[in-house]
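Trainee: The following block contains the structure, expressed as structure tokens.
2 protein chains.
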Amino acid sequence: MATQAAFAVRFPQLARPSRGHGQGQPARVGVAVRGGRAAARGVRCRAGGLIEPDGGRLVELVAPEEGGRRAALRREAAALPHRVRLGRVDTEWLHVLSEGWASPLRGFMRETEFLQALHFNAVRGADGTLVNMSVPIVLALDDAQRRAIQADGATAVALVDAHDRPVAVLSDIEIYKHNKEERIARTWGTTARGLPYVEEAITNAGDWLIGGDLEVIEPIKYNDGLDQYRLSPSQLREEFARRNADAVFAFQLRNPVHNGHALLMTDTRRRLLEMGYKNPVLLLHPLGGFTKADDVPLSVRMKQHEKVLEEGVLNPESTVVAIFPSPMHYAGPTEVQWHAKARINAGANFYIVGRDPAGMGHPTEKRDLYDADHGKKVLSMAPGLERLNILPFKVAAYDTKHNKMNFFDPSRKEDFLFISGTKMRSLAKNRESPPDGFMCPGGWKVLVEYYDSLAPPEGSSKLREAVAA
Amino acid sequence: MATQAAFAVRFPQLARPSRGHGQGQPARVGVAVRGGRAAARGVRCRAGGLIEPDGGRLVELVAPEEGGRRAALRREAAALPHRVRLGRVDTEWLHVLSEGWASPLRGFMRETEFLQALHFNAVRGADGTLVNMSVPIVLALDDAQRRAIQADGATAVALVDAHDRPVAVLSDIEIYKHNKEERIARTWGTTARGLPYVEEAITNAGDWLIGGDLEVIEPIKYNDGLDQYRLSPSQLREEFARRNADAVFAFQLRNPVHNGHALLMTDTRRRLLEMGYKNPVLLLHPLGGFTKADDVPLSVRMKQHEKVLEEGVLNPESTVVAIFPSPMHYAGPTEVQWHAKARINAGANFYIVGRDPAGMGHPTEKRDLYDADHGKKVLSMAPGLERLNILPFKVAAYDTKHNKMNFFDPSRKEDFLFISGTKMRSLAKNRESPPDGFMCPGGWKVLVEYYDSLAPPEGSSKLREAVAA
């Protein structure tokens, strides 16, 4: 299965940073830098030493608080005759776009951007350079709406929430066909029924797409007790600058965090220090948008992340935990590019990629949907990601000889135990204890409580007693 | 349907060539030139003024006649313990690779090239620049062969024809999985059953792919009476240089040629002259490889092309008719990039693209497989094709007011008659005459004779008497 318990780091393409850079200065490594200057030109990006956002400037699409623009935009939206209602996933993309994760995109894709994403996994900026963009960020429209908007010759629409309240205006609009079959085939490499994102956001969506320039009335909030973790790329850049980070390494996660992940992250920092970086900072960045029904929910995962920091498994001094607001495609090699690209915009210049990133089981066949190695291969070759240092890591496991998570050593493979996400779930469900040192006690307790909430515990459980103690 | 009878030229992105260039000198137009020098560095490319081949050098993989290399390679191939038999389509790709149409590819794709083609429609050259490559050029292997080769640790295999005669050696081989579903979905944007290339070359192919460096024993010949039309990119470049071409415009065709095509080609030359080119030469380049069962066969199409030149519909002085040896994917926007890219390697710096290029009907739904506009849109944005001038043209038709093919004039649309490939076939089959001036008499006669050979004529036929006269 896609998730394996632990990993080992390789650094095949890294060179040492140039010497003589001070605190907070960018450390260039041996990877071609395209697109010129390192200093971000974005008005709100004070982190001058961090990697430049895609397109040179972080695109932020929320109306500024000052100057009355929000009130004016709210009035403008209310006056627009056409309203497009956003579903859950649409709102997550609106959030993503509004904060510049998808820079240089300025709104939902028009057809040229959509076609480039589908065919090339990259879009061409105004200056002709390619910027990575592997998943379509689009808004669907049904035929009746399409006809009404076009009959009016409208050039802008209001985007509204489930309660019909305006949240944004999409202007200079373009409406084009939503060829679902082609979109699905080119994004997932299959059209098999049962792809979670497809069922959630495509199958019942309209047959048209509407693109345009987006302006969002105010920052997107979820009021679920986790908004303090939802840092925008601009806020993350400020935080990295405040910490004088000279390297930022991002770790994308949608599964429960365990000590194998922690080992990997700690080891990555150690290696970056060895390479000459003075203060590498980890962006521990669980995905917060739509996930499939059998994934562990965000609220549980965030509680786990809190435990990991509380119990000192990761050092809070060199770790920033935040939520990545994107929905999950489960599109393997196509999606991992999006995961990496978005983190460049948040200031990360190193990206850790594991086995079968963004992968899952084939929905109708008894096999993984993607080759487990394709994700890191595709990522390392992707157009527009030349500036990013890719850190691939080998699969590893629980070391039964040393009773802890350890990098896999093929010379003594019989010592290693693989604990997949599926296995972890089954352990927790059956109240069995995981091997000692697999996960921090607080984190395991959170997980067991979650599975308890799904189905009451059956029979006796030593583990349950242990974690309740 | 995909084929419409006639077209109108637009030149949206052309600028005038720089003044002062002499005969045979390259005429630069207002399109970004990447990758440096215009002069081909290929040893056998004497056409110094033509557009540079992809990767800077035309890759030719046929063993040289002189020096005994062919005999040595033949002995080497005969001694290799592992032989991979080439099917019809495999041989066509071998032909394509051997002459450098796919430069800078040096053989059947290894996995990194395959993945880049599938995900990015482009592969990265040794110097990091992107070269367009939208369709996988791969060789399949069944599981028994894969196991035998890997058990031996073989590093090279002989490629043999249907009679088990060695035609090439593939060395420094790499064997990797042939995920057919993913390949099909990402290439065609559908996995519907009934795609002609898939049924011909993928469905029954092996579950593994073998890539490597190719060396071909001698030039590929078909001995079908048409080999004199099969000019290699190197031969075409020599011919263009001999004619002192200062612009080469390529026209890809897999359907019967008619006066609409001729009008378009003549008009393109006129416009290139107006732009300041002294001697634009047309590469009229019918596709010669695998086509679907209901397409008109190559031999018939070539007879038609001969008539078009004989009857002066096109000027032989400024026209080179040759066969493009590639098989047909019918993969629309993905494939049109291949069609264009290959012609760069043959020296063309202008490419004419029509409505729904390389398109066809959806195999299981009552609609075209691709949006008719996507081909030219995708082509104009494709990575690695920045140097090529794309000449899109609008659909047009038979002008009933002037009794000839004419560029479509929307102000008097009632005057125009659209004659699709399907309609043309039905006219010929039913012995009905097409409108006067739709096709040159000799060309129409060739077509009628072909349909006669498929099914004997029924009833009386004025047309048949006319063309027989």
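Top line first, the protein sequences correspond to chains A and B.
When we follow full-length UniProt numbering, the leftmost residue of the first sequence carries the number 1, and every step to the right adds one.
When we follow full-length UniProt numbering, the leftmost residue of the second sequence carries the number 1, and every step to the right adds one.
No residue lacks a Cβ here, since even glycine has one placed at the ideal position from N, Cα and C.
Under 8 Å between C-beta atoms, does A/R110 make it to chain B?
Mentor: No - not a single Cβ of chain B is within 8 Å of the one on A/R110.
Trainee: Can you say whether A/Q228 is buried or exposed, counting buried as having 16 or more other CB atoms within 10 angstroms of its CB?
Mentor: Under this definition A/Q228 is an exposed residue.
Trainee: Which residue or residues does DSSP assign as beta-bridge partners of A/K174?
Mentor: Here the sequence assigns Glu to residue 174 of chain A, which means Lys is not the residue at that position. According to DSSP, which records beta bridges pairwise, A/E174 is partnered with A/G211.
Trainee: Going by DSSP, what residue range makes up the beta strand (DSSP E) through A/I352?
Mentor: That run of the beta strand (DSSP E) goes F350 to V353.
Trainee: Are the C-beta atoms of B/G189 and some chain A residue less than 8 Å apart?
Mentor: Yes, its Cβ sits closer than 8 Å to a Cβ of chain A.
Trainee: Within the same chain, show all residues whose beta-carbon is closer than 7 Å to that of A/L139, passing over the 5 residues directly before and after it, in chain order.
Mentor: Once the five neighbours on either side are set aside, the close Cβ partners of A/L139 are V84, D90, F108, L209 and I210.
Trainee: So, for residue 473 of chain A: in the same chain, excluding its five sequence neighbours on each side, which residues have a beta-carbon less than 6 Å away from its beta-carbon?
Mentor: No answer is possible for residue 473 of chain A: the residues shown for chain A start at 1 and end at 469.
Trainee: Within 10 angstroms of its Cβ, does A/P392 collect 16 or more other Cβ (buried), or is it exposed?
Mentor: Buried: at least 16 other Cβ atoms inside 10 Å.
Trainee: Buried or exposed: which applies to B/D371, given that a residue is buried once 16 or more other Cβ atoms fall within 10 Å of its Cβ?
Mentor: Burial call: buried.
Trainee: On the DSSP letters alone, give me the boundaries of the alpha helix (DSSP H) that B/L272 sits inside.
Mentor: Start and end: N259 to E274.
Trainee: Taking A/E200 as the reference, give the member of A/P434, A/E92 and A/N121 with the closest Cα.
Mentor: Selected option, being the one with the closest Cα: A/E92.
Trainee: Taking the alpha carbon of A/A192 as the reference point, which residue from A/G384, A/E432, A/F407 and A/E365 has its own alpha carbon closest?
Mentor: Checked all of A/G384, A/E432, A/F407 and A/E365; the closest Cα to A/A192 is A/E365.
Trainee: Give the C-beta separation of B/K180 and B/I149 to the nearest angstrom, bearing in mind that I take them to be a contact with Cβ-Cβ under 8 Å.
Mentor: B/K180 to B/I149, Cβ: 20 Å. No contact.
Trainee: What does B/T334 reach in chain A if we use C-beta pairs closer than 8 Å?
Mentor: Result: H119.
Trainee: Which residues in chain B sit within 9 Å of A/Q150, going by Cβ to Cβ distance?
Mentor: Chain B residues near A/Q150: none, gap ~17 Å exceeds 9 Å.
Trainee: Taking the beta strand (DSSP E) that A/M405 falls in, what are its first and last residues?
Mentor: A/M405 -> beta strand (DSSP E) spans K404 to N406.
Trainee: Contact criterion: CB-CB distance below 8 Å. Does residue 473 of chain B meet it with respect to chain A?
Mentor: The question about residue 473 of chain B has no answer here: the residues shown for chain B are numbered 1 through 469.
Trainee: Near B/E113, what residues of its chain come up, given a Cβ to Cβ distance below 6 Å and the 5 sequence neighbours on each side ignored?
Mentor: Closer than 6 Å at Cβ, skipping near neighbours: V123.
Trainee: Drop a sphere of 10 angstroms on the beta-carbon of A/S103, count the other beta-carbons inside from all chains shown, and report buried for 16 or more, exposed for fewer.
Mentor: Result: buried.
Trainee: Under three-state DSSP, which class holds B/D368?
Mentor: Strand, per DSSP.
Trainee: Nearer than 7 Å: is that true of the beta carbon of A/R243 relative to any heavy atom of the ligand ADP?
Mentor: Because no ligand of any kind appears in the structure shown, any question about the ligand ADP cannot be addressed here.
Trainee: Anything in chain A within Cβ reach of B/H374, meaning under 8 Å, just list it in chain order.
Mentor: Ordered by position in chain A, the residues that pass the 8 Å Cβ test against B/H374 are L115.
Trainee: Name the one or two DSSP bridge partners that A/P280 has.
Mentor: Bridge partners of A/P280: A/A247.
Trainee: Can you list the alpha helix (DSSP H) stretches of 4 or more residues lying completely in the stretch 304 to 343 of chain A, in chain order?
Mentor: Those alpha helix (DSSP H) runs which fall completely within the stretch 304 to 343 of chain A and span 4+ residues do not exist here.
Trainee: Sorted by chain position, which residues of the same chain lie with C-beta nearer than 8 Å to A/E239's C-beta, five sequence neighbours on each side aside?
Mentor: Once the five neighbours on either side are set aside, the close Cβ partners of A/E239 are L231 and V320.
Trainee: Using the three-state DSSP reduction, which class does A/R83 fall into: helix, strand or coil?
Mentor: DSSP places A/R83 in strand when its eight states are reduced to three.
Trainee: Nearest-angstrom Cα distance between A/A455 and B/K177?
Mentor: Cα-Cα distance, rounded: 41 Å.
Trainee: Going by C-alpha distance, which of B/A126, B/A358, B/Y330 and B/T422 is nearest B/G56?
Mentor: Of B/A126, B/A358, B/Y330 and B/T422, the residue nearest in Cα terms is B/A126.
Trainee: Less than 8 Å between the C-beta atoms of residue 470 of chain B and B/V248, yes or no?
Mentor: What the structure shows of chain B is the stretch from 1 to 469, and residue 470 of chain B is not part of that stretch, so it cannot be assessed.
Trainee: I need the straight-line Cα distance from A/L236 to A/S380, nearest angstrom please.
Mentor: Between A/L236 and A/S380, the C-alpha separation is close to 24 Å.
Trainee: Once you ignore the five residues that flank B/L314 on each side, which residues in its own chain have a CB closer than 8 Å to its CB?
Mentor: The answer, listed in chain order, is A262, M265, T266, L282, L284 and V308.
Trainee: Between the stretch 376 to 403 of chain A and chain B, which residues of the former have CB atoms less than 8 Å from a CB of the latter, in chain order?
Mentor: Within the stretch 376 to 403 of chain A, the residues whose Cβ lies closer than 8 Å to some Cβ of chain B are K377, V378, M381, A382, P383 and E386, listed in chain order.
Trainee: Helix or strand or just coil, what does DSSP make of A/F120?
Mentor: A/F120 falls in the helix class under three-state DSSP.
Trainee: For a test of the three-state rule: what should DSSP assign to B/H95, helix, strand or coil?
Mentor: B/H95 falls in the helix class under three-state DSSP.
Trainee: Mind the definition here: the stretch 210 to 226 of chain A touches the stretch 157 to 176 of chain A only if three or more C-beta pairs lie below 8 Å; say whether that holds.
Mentor: Touching, yes, given that three or more Cβ pairs across the two stretches are closer than 8 Å.
Trainee: Out of curiosity, what's the CA-to-CA distance linking A/I323 and A/G87?
Mentor: When rounded, the distance between both Cα atoms is 20 Å.
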